[in-house]
Amino acid sequence: MVKFSKQLEGQLVPEWRPAYVNYKNLKKELKRLKQQPSSRKFIPDGVSQSFRAAMNFTTWPELDSSSRGQEASTSSPAAVFPSDSLPSDSPSRSRLLPQPSRAKESFESLLALGGHAAHALRSRSQKRRLAQEVIQVHVHPMEGNAWEVYETILLEPLNRMEAAKVFFARLDAQFNKVNQFFRGKEKEFVEQAQTLEKQMQALVEMRKALEEHPDQFSASPKENCGSSEELSVTGNHSISTTDLEAGDASLEGERHKEIRGSRSLDPCSSSDGENEYSLRSKAATGLVSEAETGGCSKSSTIVTPMGMRIRIPRNTPGTTISALSQALWDEVLKQGGKTGGNPQPGESQITLTKKKLQMAEKMLRSAFIEYYRGLNFLKSYSSLNMVAFTKILKKFDKVSGYRASAVYLKVVETSYFNSSDKIITLLEKVENLYTQYFAKYNRHKAMLSLRPMHKKASHTVTFILGVFVGGSLALLVVFAVLVRLILPNFRAPGDQKQEPGEVPHTVYLTTIFPVFSMIMLILIHMYMYGANLYLWRRLRINYAFIFEFAPGTELRHRQVLMVTSVLTTVTIGCMVGHLGLHSVNKSPYVDFIPLAVVMLMVGILFFPLNILYRSSRVFFLNSMLHIIGSPLYKVVLADFFLADQLTSQVPMFRNMQYVLCYYIGGFFKTGNSDGCYSNNQFKGLTYLISLLPYWWRFMQCARRFIEERDRAHIANGGKYLSALVAVILRIQYGRTSSVAWAFLFVLSSAVATVYQVYWDLVVDWGLLRKKSSNKWLRDQLIMPKGKVIYFISMILNVLLRMAWLQSVTRFRFGVMDPQVADFIFAALEVIRRGHWNFYRLENEHLNNVGSWRAAICLTGRGVQELQGRIWSMRNCANSLAAEEQKWRRYLDYKILQASDWFFDQSTC
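Its first residue numbered 1, the sequence shown is counted upward by one per residue in full-length UniProt numbering.
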C-alpha cells in the first residue's frame, strides 16, 4: 500500500506545492511527541497490574531523575510488587526485574488483539475517558478580511505536553494556510467565470450578426469599412441559462490575479488597457474620413448597455505585414494631410469575417478547457488536504492515546475549503455552457474535450524499443569490427588504381563520415529529448501544457525513444552495409546508401498520412516555419525553445551543407571531398549556414521586445549577437590561423561564453540566488532533496560551454582524426543542450519566468458598468441625421476613452 505522503506528492499541483498541508513536517512533530516520556500510550484500566508494571519498567530508563521520583510511588515495580512479598533471592523476583522484555511482548501482543478480545479490555469508565474532550478549536474573525483564523486550545491532560502544543500550533498554521489559499483561488475563479460569460456573450453576438447578414461581410477592406484587426461586438442580451457567476463576488476595482496551476489560467497584464504591439484601429487615430469608408460608417454604430471588444492577435506573416503596411499608410496620410475631410473622433474601420470568427471561437474554446481544468485542480486541492488532515490527526490519536481527532475534524469538515460548493457549481455550469455552444448539445463530445482521455502506455512500444535497442547495440559491435578490418584499406572510387597502402584511411572520414555524423547528431538530440521527457514526467513537470501540445497528442518518452532506436538501428545497419559493400564493390553508387538514410528521415518527417505520429510531425514543421519566418510570426515558447536547440546543431547544419554539395555537385563519383571545401561559394555559404540559428533567435528576441517592451529581451538578443560574432571569428580563424585572428577569436569566444553561462544559470535556470531559502539556488526546487545535483549541473554546464577551446588547442584524443574529434565535441554540445532543457523547463514550470503559459489571456482592470462602443455590420443599412450621427460618434468616442475595461482575446 502506497504511503499517503507519496500519494500526496504524486497528486499535488506543483505550482501550489507551498499551499498544501506540510504533511512530512507534521509527521516529524509526531515523532518528537512519541519520543517524549509524557506521550506514552494510554494504558486501559482493564489491563492487569503485571502488564502495567512491565510497561512502566521498559520506559523507566527514558525518564529523568525528577520524573522517576514523581512516579516512584505509583508506577515503580515496588509499588506493584512489595519488597516483603518477594525476597531478594527469590527466582520470581530475578525473573521479573532483569527481563522485562518478555512481559512487554506479552503486553504488546495483548494490545494487538482485535475484535471482541480488545473490546473486552475496555470498561465503561475507560470509554468515557477516551471520548472526553481534550481540545477546543476557537474561530477568530480577521478584521478587514473575509476569512477567519482557527486556534486550538489544549485541555487536561494534553496541555501539560509541550510536544502536543507545538504539534497543534503547526497544525493550526497549516489549516489557516489551506483555508485562506482556497478562498483566494476560488475568488479568482469566480471572477474568471464572469469574464468567460461576457466572452461567450460576445461570441454569440458575432455568430448572430454573421448568420443574419452574411452578404454584408466580405474580405474586401472597403466593403467592410476598413481592414483593422480589432473587432467589437454588441451585447444586447445576456445568456441567462448559462450564467457563470457563483456567489456575490464583486469585480469592481479588482485585478485578475494569477491562477497558477499545472493546467490552469494565467494572467496577462496590460498597460493602460492597450496592447503595445497591437495597432489601434483608425477610429483611435481619426485619420479616416467618411469618403474613405464609402459612407458605411454613418450607420455602423449603436449605443447599447454592454460593449465587448475582441482583438485577433497578429500571429502570422499576413496579419503582421498588414498591420505594418496600415501603420505606414496612416503615417503617409498624416504627413501629407490627406484626411479627406474633418475626421470625426471615434470613426473606425471594422472587418468581421468568418475566418476571424472561427479564430475567436477557437481561442474561447481553449479558454473554457483551461478554465475547467483549473477548477478540477482546485477541487483536487480541497480533497487532498482534507485527507491529509484526517490522516495526521488519526496518527496523533494513535501516538498520544487521546482522541483529539473527533473535535478537530469536525471543525475541518465545516471549514470553508471543504464545505464551499462554488467550485462544483462552476464545474457544472461550464460543462453545460460548453455542451451548448461548442458541442451542439452533445454532452459526450463535450466531456471528451473537457476531460481528454490520456492514452495508456502500450506494451508494444516497450517491446519494439527493447528489440531495436538490442539490435542497434549488436550492429554497433559489428561496425566496430569492420572499421578495424576494412577502414585502413578504404579507397575512394577515383583511387582504385593505387595500391591500398598508398591511399590514406582518412578518405572515409572526409567523404562519408560527415553524412553519418549529421544523422547521429540528430539521433543524439532525440535521445536527449526522450530522457528529458522521462524526467519531466517523473517529476511532474507539465511539459505538454507549457509547449501547448494538443491534449492527448503529446509523445511520451517511450514513444520518442522507440522512434529513435528504430532510426539508430537503420543508420548503423546502413553503416555496416556500406562498409561491407564497398569492400567488394568499388562502384561510386554505393555511396548512395548514406543518402538513402537521410532521404528516409526526410520522407518520414513529411509523410502526409495520419500515421507515425502525424500530429507531432506537423507541430514540429509549424514551429520550424515560424522560426524561419522570424520575426513575422508571433513568438511562443515552443518556437523559441526549438530555436535554442538549433543553435546547438550548427555542426549538423554544416554537415548538411557538405552533403548537398557532395551529392548534387557529383563529387561522390570520384570521392573528392576537397571539391566542396575548396569551393569559394561553399566557403561563403558556410558563414550563412553557421549564423542562421543565432540570427533566427535574435529576431525572435527583437519581436518579443517590440510586443512587450521588456528590455530583458534586448539583453537576451545581445547574447546571440555575441555568439554570432564568435562563430564568424572561429570560422575565419580555422581558415587563416594568424595571431590576430586567434586573438580576436579567443576574446570574442570568452565574452560570449561568460555571457551565455551567466544567462544559463541566472536567467534560464533561475539559480545563483544569494538570498534564496536554498542558498545559491532558488526558492522553489523540483528536487529539494537533491540540492547537490544543481551544483553539479552548474559546473557541468560551464565545462561543456568551454568546448570551443578545442579549436584553439587543437586537442585530440591520441591519434584521433580531426573529423572524429569535431564530432565528439559537437555531440557534447548536443548533450549540454539536453541537460540545459531540463532545468530551463523546470524553472518555467515552477516560476513562469518567461510568462509563456499556454493559456488564453482573460485580462481586465476592473469591469465597470459603462456604455461601450459597439460595432455591428447588420445595422449598416440604417440612416441617421448627419448632426445626430456626429454627436453619437462623439459620445461613443468619449465613452470608449472612459471605459477602463476591455477584453483581449490573445495568447500570453
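Using N, Cα and C, we set each Cβ at its ideal position, and we do this for glycine too.
Keep in mind that this is a model prediction, so the values were computed, not measured.
Query	Result
What are the start and end residues of the alpha helix (DSSP H) that includes E188?	E162 to E212
Which of the three DSSP states is assigned to T152 in this structure?	strand
To the nearest angstrom, report how far apart S449 and Y23 are at their CA atoms.	34 Å
So what does V763 bridge to, in DSSP terms?	For V763, which the question treats as bridged, DSSP gives no partner whatsoever.
Comparing C-alpha positions only, which one of Q819, L30 and L800 sits nearest to N391?	Reading the sequence as shown, one finds Lys at residue 391 and not Asn. With distances taken between Cα atoms, K391 lies closest to L30.
Three-state secondary structure (DSSP) at P91?	Its pLDDT being 43, under 50, P91 is placed unreliably by the model, and nothing is read from it.
Helix, strand or coil: which one does DSSP assign to I611?	coil
Within its chain, find whatever has a CB closer than 8 Å to the CB of S5; leave out the 5 residues flanking it on each side and keep chain order.	Y23, K24 and K27
At 4 residues or longer, and completely inside the stretch 615-696: list those alpha helix (DSSP H) runs for me, N to C.	637-647, 650-664 and 674-677
Using DSSP's beta-bridge definition, name the partner residues of P141.	E148
Nearest CA to the CA of Y408: which residue from L539, F175, V725 and H525?	F175
Is the stretch 815-834 close to the stretch 739-747, with three or more CB pairs under 8 Å?	no
How is R778 classed by DSSP in three states: helix, strand or coil?	coil
If you check the beta carbons only, do L521 and M652 fall under 7 Å apart?	yes
Give the C-beta separation of Q780 and N847 to the nearest angstrom, bearing in mind that I take them to be a contact with Cβ-Cβ under 8 Å.	7 Å
Buried or exposed for K3, going by 16 or more other Cβ atoms inside 10 Å?	exposed
So V139 and E148 are in contact, right, with Cβ under 8 Å, and what is the actual spacing, rounded?	5 Å
Tell me the DSSP bridge mates of Q136?	I153
How many whole angstroms separate the CB atoms of residue 962 and P693, which I take to be in contact at a CB cut-off of 8 Å?	Outside the displayed span of the chain (1 to 908) sits residue 962, for which this structure offers no information.
Among M562, N843 and F545, which residue has its Cα nearest to the Cα of H459?	M562
Apart from the five residues just before and just after P588, which ones in its own chain have a Cβ nearer than 8 Å to its Cβ?	P493, F668, K669, T670 and G671
Roughly how many angstroms lie between the CA atoms of V618 and L555, to the nearest whole one?	13 Å
Here's a check: name, in chain order, each residue in its chain whose Cβ is nearer than 6 Å to the Cβ of K379, leaving out the five neighbours to either side.	I423
Going by DSSP, what residues sit across from R769 in a beta bridge?	L777
Any idea what DSSP makes of F438, helix, strand or coil?	coil
Check whether the Cβ atoms of A193 and L433 lie closer than 7 Å to each other.	no
Find out if the Cβ-Cβ distance for the pair M206, L364 is shorter than 7 Å.	no
Could you check how far apart the C-beta atoms of N797 and W836 are, in whole angstroms? I think they sit under 8 Å.	7 Å
State the DSSP-derived secondary structure class of A457, mapped to helix, strand or coil.	coil
Using the beta-carbon count (16 or more within 10 Å), is Y677 buried or exposed?	exposed
Is the distance from the Cβ of A643 to the Cβ of I628 below 7 Å?	no
Determine the burial state of Q559: buried for a count of at least 16 other Cβ atoms within 10 Å of its Cβ, exposed for fewer.	buried
With a 10 Å radius around its C-beta and 16 neighbouring C-beta atoms as the bar for buried, classify S623 as buried or exposed.	buried
Hey, out of A209, F396 and L203, whose CA is closest to K165's CA?	F396
Starting from T568, follow the alpha helix (DSSP H) in both directions and report where the run begins and ends.	H557 to V584
Kindly list the residues whose CB is nearer than 6 Å to the CB of I792, restricted to its own chain and excluding five residues on each side of it in sequence; keep chain order.	none
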